[in-house]
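What follows is a short report on a single structure.
Written out as structure tokens, the structure is:
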């Protein structure tokens, strides 16, 4: 018993020690190790700042790629920002404690204990934040795909037949019982234009959650259709699968994820099995509606049989009156004269009411005032025409034939027929036409490659103006309407054999091909070629992008003695060996001038040495297991393109040295398994090419360029020195792009060759040059202010300037360079981007520089310049200059010390009359965006986004110290933002209103369609008067929820949904600073 009592007492004693002595020990730790804990906290804050910088850099890259930042990453940045601010204030104000107690005889141990404890707690919090910020590069997600509304709008003819069809289709879409709509009409009547506008309207009117569109064409490619639909949905995983059935299953599941979706299938020629594509219909997905367009009513019926209730809509031709209105619109006033009016109406009538025919003929006759020409055109349109062009209306054929015949030169006609050799709906690359044209000698009286390119561009633009070709939203590409292509193929059918994009498995079964000058079998699946092709007149043979691997026999080319152009390219996702296996395959070729072998995997390339007449050789994305030294034997070569090719061995200078006639050399993006490309010898060899005018090259380090090297007198170039963070797009038409990185010193110390290139550069990017302080410093250059400096012509042609990651950069021009107004500075500069320049402070564009840029500057983007306080300085001079009148885009992000964007003493200085897009984000010291005097001129502003600016109180500051006189002048003004469509105000904790103090100024936003108000808790009013000010605004996104306006004006909305909203409860875990 005694033993038990003893044990109990021991246990109790141990507990007493735990509850008293150990806590006391901890308290003494806080007192005596306060300095240690503070230093540890300081170290953790530094670590967090470095970690935050890395995350912000990654966010910057993600935003450049149009990716969305994950919410947990945004929240982490917010928490870290708040923590670092608190910790620094704590360290600066709370740790230098000299307080005493007991009349100053002893230190204040209570305060020291409290501070030591707080330091330790904050240190632990910093460590936890560091762990939370380990995102492993998972900081963003792909941006939502561009919706159907992003398709460029063609002019939808607002006439009776269009309106009736649009009404019928929209009514069917609103009928829950109809899930299939077929639109049929003859080719060229405008089905594609109509259905595109229907898709846009259906989505904007909230009929559907999403809308997708795919072109089916005459020979459906299921994978291509699946890919088009997936791209609208941002469904990139589908690209990783090859099996059609598996792809269909995945696509079906993805479409089922969308509750209400519209699927548009354009240009359907026969019944399409929707299940094979992966499109759910009927009971499988009641919320999926399908629209097809077709030339054949029977297709609508056969596909519509899958549904109980369908709608079939006939798109009729234009009435005679509507046709004449469209004709007049496209031809102008020339037909207004009484002499031409009657015959012009007769010409228009012969177009049969088909928009494509009306517009094409009008463009062909535009500017023609001779009556006899008009009479001849009317007679030509009345002639009988062939009837064996499938599904092409006679009036369409006659109209397009007339336009073709009225082309002023043979170059345009030949170029038009050349475009018909590509598959239907193909994105025709202009550069392909240039290189084929060189081989065919299509363009006359041109001496250089660049002259050929310029002539080709001129011809193509004329064909687009004649509506025989279509502009393409893809850069460097054009399209040909499928009806126009059908007519073009018929016109050229005696000269060209075209079976492109037909999924042929075998070589066409033709008795004879010997009459053709061109054969096109692009995008088929042919695996067996004939032993020999008897085509003595053949000039162009296009066999690229055949999906099955094949090879040419020894004799295949032997009877093609007139061959000028050969294209055997393969797609990048196919790993095909060189189809030309025999080294003697081209023994008889004495006329071949253009050879394209892109994407081919090469072993032996000796066969190239036979082609002595070759002028254009394209080996883009090719793979070489041996050095292609045979190229050096092609002494007539004028263009060599090896862009992004891969080489197992370094390229030798001997390969290019003998190419005396070379005008254009593309070596951009070349990779090598061996160290040493591009070797110094190869770069030096460029000096031995006297006719070189175009060069693209990427050089990993400036050490590969000899010190005494001087580039040839280049007219066009893309030169990238140093490893670039961002991909540079190779363009062929005079890009004149120079990117330099990791260079030492200022520009005055840069090599002579670099300065020569700068004189012609239109686009310049400088990054990671840590010692560069100014672009222009006349004092350092030793140039007198009285002299006319030649060096200043270095940047005379510059149109786009990007400056990134320049640690020492202080400004574009040093003070010495701004002391005189006689020198021209950047007279052509349109775009300026400044990113991550930590030493840039005070002003980016001082008045003396700004007045030189004001005529042309269209875009200004400034990112992550931590010390920058002011973007523009307008000074006290320059009344009436209307500065920044050309500025269209202004984007400012992560400028924590920025106090003013546009701070001017008089509205006479600044007139942002062309500003269309403005973004302000993470500018913590900014209190407003516009002064009232500036805001009055924002007539073109379409989109304004302001976010994450802690101190902003209003967007438009009505009450600034601009002088009493100006205030009196403005009393009767009405503030109308007539073009503003999208307004986004997010994460503005102190925003009180759009213009909270403008009591005398009613505001209107007549075009506003989208308004976002996220995390603006202190908003009290929107503006002085907002009643009836937003006629197009139907709903507002508030704190990530969509709320309908329901008749409220903006002030009422703020009152009902922001002021009346319960405040957020404070975080119970937060600790008051210093306690």
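Residue numbers (full-length UniProt numbering): 1 to 1075.
We treat Cβ as the ideally placed atom computed from N, Cα and C, and that holds for glycine.
These numbers were taken from a predicted model, which means no experiment stands behind them.
Three-way DSSP call (helix, strand, coil) for residue i in this model
{"i": "residue 1005", "result": "coil"}
{"i": "residue 647", "result": "strand"}
{"i": "residue 417", "result": "helix"}
{"i": "residue 624", "result": "strand"}
{"i": "residue 293", "result": "strand"}
{"i": "residue 1018", "result": "coil"}
{"i": "residue 564", "result": "coil"}
{"i": "residue 31", "result": "Confidence is the limiting factor: at residue 31 the pLDDT is only 44, short of 50, which leaves the residue's position unreliable, though a coordinate-based value still follows. Helix, per DSSP."}
{"i": "residue 1057", "result": "helix"}
{"i": "residue 919", "result": "strand"}
{"i": "residue 355", "result": "helix"}
{"i": "residue 239", "result": "helix"}
{"i": "residue 15", "result": "Here the model assigns residue 15 a pLDDT of 47, short of 50, so the residue's position is not dependable and the matter cannot be decided."}
{"i": "residue 406", "result": "coil"}
{"i": "residue 101", "result": "Bear in mind that the predicted position of residue 101 carries a pLDDT of just 46, short of 50, making it unreliable; the figure below should be weighed with that in mind. Three-state DSSP puts residue 101 in a strand."}
{"i": "residue 865", "result": "coil"}
{"i": "residue 614", "result": "coil"}
{"i": "residue 1025", "result": "strand"}
{"i": "residue 599", "result": "coil"}
{"i": "residue 872", "result": "strand"}
{"i": "residue 39", "result": "helix"}
{"i": "residue 123", "result": "helix"}
{"i": "residue 982", "result": "strand"}
{"i": "residue 885", "result": "coil"}
Proximity below 8 Å, CB of residue i to CB of residue j
{"i": "residue 431", "j": "residue 402", "result": "no"}
{"i": "residue 898", "j": "residue 872", "result": "no"}
{"i": "residue 528", "j": "residue 511", "result": "no"}
{"i": "residue 757", "j": "residue 711", "result": "yes"}
{"i": "residue 863", "j": "residue 836", "result": "yes"}
{"i": "residue 922", "j": "residue 954", "result": "no"}
{"i": "residue 615", "j": "residue 588", "result": "no"}
{"i": "residue 699", "j": "residue 668", "result": "no"}
{"i": "residue 896", "j": "residue 866", "result": "yes"}
{"i": "residue 59", "j": "residue 139", "result": "yes"}
{"i": "residue 599", "j": "residue 570", "result": "yes"}
{"i": "residue 70", "j": "residue 141", "result": "yes"}
Expected contact under 8 Å - CB spacing of residue i and residue j to nearest Å
{"i": "residue 290", "j": "residue 263", "result": "5 Å"}
{"i": "residue 459", "j": "residue 411", "result": "5 Å"}
{"i": "residue 608", "j": "residue 628", "result": "7 Å"}
{"i": "residue 740", "j": "residue 705", "result": "That pair is no contact at about 11 Å."}
{"i": "residue 55", "j": "residue 129", "result": "Actually they do not touch by this definition, with Cβ atoms about 11 Å apart."}
{"i": "residue 1096", "j": "residue 340", "result": "Outside the displayed span of the chain (1 to 1075) sits residue 1096, for which this structure offers no information."}
Closer than 8 Å to chain E by CB, residue i
{"i": "residue 184", "result": "Reference to chain E is not applicable here, since this structure consists of a single protein chain."}
Closer than 7 Å: residue i CB and nearest the ligand FAD heavy atom
{"i": "residue 128", "result": "The model depicted lacks the ligand FAD and carries no ligand whatsoever."}
Q. Along the chain, which unbroken stretches of the alpha helix (DSSP H) at least 4 residues long are found entirely within the segment 152 to 215?
A. 160 to 173, 191 to 204
Q.
For a minimum of 3 consecutive residues, which ranges assigned as the beta strand (DSSP E) are wholly contained in the segment 681 to 707?
A. 694 to 699
Q | the segment 416 to 435 touching the segment 488 to 507, judged by at least three CB pairs closer than 8 Å | A | yes
Q | Touching by the beta-carbon criterion (3+ pairs, under 8 Å), the segment 297 to 317 and the segment 174 to 190 | A | yes
Q: Would you check if there are 3 or more beta carbon pairs closer than 8 Å linking the segment 207 to 221 to the segment 328 to 346?
A: no
(Q) Is it the case that the segment 219 to 238 contacts the segment 247 to 260, given that we only count it when at least three CB pairs across the two stretches are under 8 Å? (A) yes
Q. Would you call the segment 581 to 595 and the segment 559 to 571 in contact, with 3 or more CB pairs under 8 Å?
A. yes
Q: Indicate whether the contact test is met: 3 or more Cβ pairs, each with one atom in the segment 628 to 641 and one in the segment 660 to 670, closer than 8 Å.
A: yes
Q.
Report the start-end ranges of each beta strand (DSSP E) in the segment 423 to 507 that is 3 residues or longer and not cut off at the edges.
A. 477 to 479, 496 to 498
Q.
Check whether the segment 1011 to 1028 and the segment 1036 to 1047 are in contact - that is, three or more C-beta pairs closer than 8 Å.
A. yes
Q: Count the C-beta pairs between the segment 83 to 91 and the segment 121 to 130 that are closer than 8 Å, then say yes if the count reaches three, no if not.
A: yes
Q.
At 4 residues or longer, what runs of the alpha helix (DSSP H) sit wholly inside the segment 251 to 280?
A. 274 to 277
Q | Runs of beta strand (DSSP E) wholly within the segment 294 to 339 (minimum 3 residues, chain order) | A | 310 to 314
Q: Evaluate contact between the segment 443 to 456 and the segment 392 to 408, counting only Cβ atoms and requiring at least three cross-stretch pairs below 8 Å.
A: no
Q) Counting pairs of Cβ atoms below 8 Å between the segment 537 to 547 and the segment 232 to 241, do you hit three or more? A) no
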